[in-house]
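Right, one structure below, let's go through it.
In mature numbering (1 follows the signal peptide of the UniProt record, and there is no 0), the protein residues as written are -22 to -1, 1 to 1085.
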């Protein structure tokens, strides 16, 4: 067990801050001429609440870690007059209740309503809920802070009804209900967990202290302990008294709990609510899936590839209108380059690996959009969606603000001070090292902490899983430090207004002006539940318009420390609504058809009826073959970033390669499966009954120390059987001229037994990226193209590509230099294919690689020449991984699909704004220094941090005195013109996995692929021949990445099906049947089966189902 010690705060490396005390007129006015939202001044709205934080030597962020986390806001009709009222929680000020008087005007009734809260306490989250089922909304207020237990007891204000003036009065009765919990509570949510008709409660709690200097044994000990004041609780409602049942339902009770995010939703559509808990710092997030016996099982690791690191607020909704609930979890990664550099520490792989060793999931510091695949798994696509970087963020809210039928995303943003500014941390350390500090010096130190102005975000859903920041054009672009937020139709005009609780600034009331624009169509749904669940919490509402469906769940407790209006709001694409269906928590349903838009409908649960919910399970197109793990790829794990810290992605996650062919001449396809470092390869012979047997190969054992990276079967000696060429490669711990990099040729005895021929190939000790058979000289004997790739330890330097010429007996020599000069532009080659592109009866060679274009070569007058311009109108320079050339539509011309990095990455590239890779040994120490750059907000910046730069290039340690001086440095600020002399610079202009088709002229034309093809890097593509026609299967992913970039694992096996127009459509995972998790590096079809090679995992076999 590792003894590496760790500070759990190590990864706390980003902040987004603003120190803005005062009035809204200090905020920047929106430049938009006709914004969607109008910020109402307090004088107009009557809402003057301000969550003022006063820093003192006794009350500050050093005393209480969540000092700047802010308060919440709740929306709901507390006096039953048809208008949503507002309640704000204050950390160091009284809570406030504002009665809605109509026309966006509000009245402070806090004192008259008796809801100011406990003085000298720290209020956090607030929820409006009808706790006793009497038809009146009550208010539950949470408390925390570095305060005595009695000051932390949560309060429940029970609504007693209204007086003659419509003013409600509340009594505090938390103790009577068992809800006066003294834990450190962030927020609370209420739902009918077991389906008995009343509302139970979740108290989202956090530890007030931080754990430091933890090793694996410390983690194990902490996770075995119980702490009721820190761990999140599930409280069951038993006749009006709430009882703690956390332990009995299987929830974690350890003190490693920093709960900030809570989303309750039926993620697996089994009519039972599930619970996502998001924890700050490196504490694990949880996805509790409810079981048949009303217990919960944490299934996060099985369902998700990774999560946020510092998980903040969260919200669940059906983002893509497919009927499955997705969710977002916020974090702290800034959008701006400057703030990334000021607030981002360098990667620490020991700490990261320790977290994984003790059972914590892969966590990365950015917002995560978890897309529900409908098969029990999620694909994280926040970077592809464009919502991953929003700074120190708190409340996410999914809602259709522009009312086009697609849910948009609002993000509340900001932190009062840049607590993790790297220059401040350095300064703070120097101060603390002096010794004990006086109260005055502590306060002075706090005042030295930088503050930054930030804005909230609002992203418009474009309907294709991509979002556009509309903050400026929609009028939500005012500087603030915002925390809790909630939405609701405050003026009953059909659109959703927005209310935000700010620190040291008056609350924002944004009026939505969508109703003033043309083609405004909407529908509101109010739910009247029976029994104690009067608002129908847990119910689902579907709205159908033609082929489009929308789904909303009745769950007001959303975002961060807040609750939204319980009236559900649908934006509509047109006037006509085909039907509206409500499914209540007890499974009863009701449906209305031919519904008019622009109205508020009320559905009463007492009118619902039980229906037969038995549905026939849809059979997937492909199913795993039982017992298919005939071999497990086993590769020794290496941390490539220890060898070259500035790598972009790992270089050692290679293989397994596969190749198929009839090696024993029985008319059935057999399979070669390559081994990892220290593992012998395998050959599987088909038995003719969908079964395969492994045949011992003694010579494979002799070559097991090499890493198999590519393989091709071909008859090299003209004896009628298939021989085997196996390419060696790797990065690992290999030296540039390692003997283990030498490729191998095995001769077949005609029965599938292979013998290594040591003198058949020239002894080339170079890393191979790919090999392909190419009879370039048309002599009838297969020659071989070898694609050269990275030099171990010297990325991105690359070995040259070569041609091997067959002498007709199966022995090869290097082709003459003149034949291979055309390959001089190739580098980091990953794949190559041969096909007759010009229909002259001979094959052209097509080659792809990283940081290079798609290149085409032909033999002209006996010389190999690059003829790319004959087939492409422009360069497509990408980070290509794989290549497919095949006639997919049956028209006699070829389609070309090239697998690329994809769009789900921090790295962005286009022709206008290319990504760049500059490299040279800048400090003369013999090591290559690769510097990645890409555009951020219109400017190209190096991705390397100041600390990483200093560690990699020692002579730069005096170049930048502090982090601020480096934060906006560009390449030309880091390196002089003299230093840049001799440096090489690669560029990439496209990162999309791309499909081309050949036109009548023979040139390739770009075709569009579904967005799912861009979820992850694509490393393997198979054109599947099935009864319905052609399908494309794409596999890939990258794990063990540079921590700042994080795993890209959203591809679970993407299946695309060609429609009648020749375009490919995505087949959802629930229909396709693929649930692959891992790094796919090869795949091939064998009749009705698909074999998939996953790095360091068992071989996977899928069989096509007949329907």
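Where a beta carbon is used, it is the ideal one built from N, C-alpha and C, also for glycine.
Answer yes or no: do residue 135 and residue 515 have a C-beta to C-beta separation smaller than 9 Å?
no
Under the three-state reduction of DSSP, which class applies to residue 118: helix, strand or coil?
strand
Reducing DSSP to helix, strand and coil, say where residue 533 ends up.
coil
Counting pairs of Cβ atoms below 8 Å between the region 429 to 447 and the region 388 to 395, do you hit three or more?
Touching, per the Cβ criterion.
Start and end residues, beta strand (DSSP E) containing residue 102:
100 to 107
Using a 10 Å radius around the Cβ and a threshold of 16 neighbouring Cβ atoms, would you call residue 180 buried or exposed?
buried
Would you report the Cα separation of residue 8 and residue 484, rounded to the nearest angstrom?
With a pLDDT of 43 at residue 8, under the threshold of 50, the predicted position of this residue should be treated as unreliable, though the coordinate-derived value follows. Looking at the two C-alpha atoms, the distance is approximately 17 Å.
Could you give the distance in angstroms between the alpha-carbon of residue 50 and the alpha-carbon of residue 104?
Rounded to the nearest angstrom, the gap between the Cα atoms of residue 50 and residue 104 is 6 Å.
Please classify residue 281: is it buried, with 16 or more other beta-carbons within 10 angstroms of its beta-carbon, or exposed?
Burial call: buried.
Assuming residue 721 contacts residue 703 under a Cβ cut-off of 8 Å, what Cβ separation, rounded to an integer in Å, is found between them?
7 Å
Could you check where the beta strand (DSSP E) with residue 504 kicks off and where it finishes?
500 to 506
Anyone know if the C-beta pair for residue 812 and residue 830 falls short of 9 Å?
no
For residue 748, which beta-bridge partners are listed by DSSP?
765
Going by DSSP, what residue range makes up the beta strand (DSSP E) through residue 50?
Premise fails: residue 50 is in no beta strand (DSSP E) and is neither H nor E.
DSSP three-state label for residue 611, please.
coil
Measure the Cβ-Cβ separation of residue 718 and residue 641 and say whether it is below 9 Å.
Taking 9 Å as the Cβ cut-off, residue 718 and residue 641 do not qualify as a contacting pair.
Under 9 Å between the Cβ atoms of residue 568 and residue 551?
no
Residues in the same chain with beta-carbon distance under 6 Å from residue 533, minus the five sequence neighbours each way, listed in chain order, please.
Beyond the five residues adjoining it in sequence on each side, residue 533 comes within less than 6 Å, by CB distance, of 242 in the same chain, given in chain order.
Whole-number beta carbon distance between residue 65 and residue 25, since they are thought to touch under 8 Å:
Actually they do not touch by this definition, with Cβ atoms about 11 Å apart.
Alpha carbon of residue 227 to alpha carbon of residue 53, nearest angstrom:
31 Å
Is it buried or exposed for residue 130, if we count other Cβ within 10 angstroms and need 16 for buried?
Label assigned to residue 130: buried.
Would you call the region 465 to 482 and the region 29 to 48 in contact, with 3 or more CB pairs under 8 Å?
yes
Do the region 451 to 470 and the region 368 to 386 meet, that is, are 3 or more Cβ pairs less than 8 Å apart?
These segments touch.
Alpha helix (DSSP H) segment containing residue 23, residue limits
20 to 23
Beta-ladder partner(s) of residue 830, from DSSP:
856
Could you tell me whether any non-hydrogen atom of the ligand SAH is closer than 8 Å to the CB of residue 344?
Among the ligands in the structure shown, none appear at all, so the ligand SAH cannot be discussed.
Since residue 308 contacts residue 292 with CB under 8 Å, what's their CB separation in whole angstroms?
7 Å
Cβ neighbour criterion (16 or more within 10 Å) applied to residue 935
Residue 935 is exposed by the Cβ-count criterion.
Taking C-beta to C-beta, are residue 474 and residue 574 nearer than 9 Å?
Cβ distance not < 9 Å, so residue 474 and residue 574 don't count as in contact.
Determine, using beta-carbon pairs with one atom in the region 662 to 676 and one in the region 745 to 763, whether at least three such pairs fall under 8 Å.
no
Please report the residue range of the alpha helix (DSSP H) in which residue 239 lies.
Segment 237 to 243 is the beta strand (DSSP E) holding residue 239; no alpha helix (DSSP H) there.
Opposite residue 1036 in the DSSP bridges: which residues?
1042
Going by beta-carbon coordinates alone, are residue 120 and residue 91 separated by less than 9 Å?
no
Segment contact flag, the region 643 to 655 with the region 948 to 963, C-beta cutoff 8 Å, min 3 pairs
no
Is it true that the region 845 to 865 meets the region 940 to 948, where meeting means three or more beta-carbon pairs spaced less than 8 Å apart?
no
What number of angstroms, rounded off, separates the C-alpha of residue 165 from the C-alpha of residue 81?
30 Å
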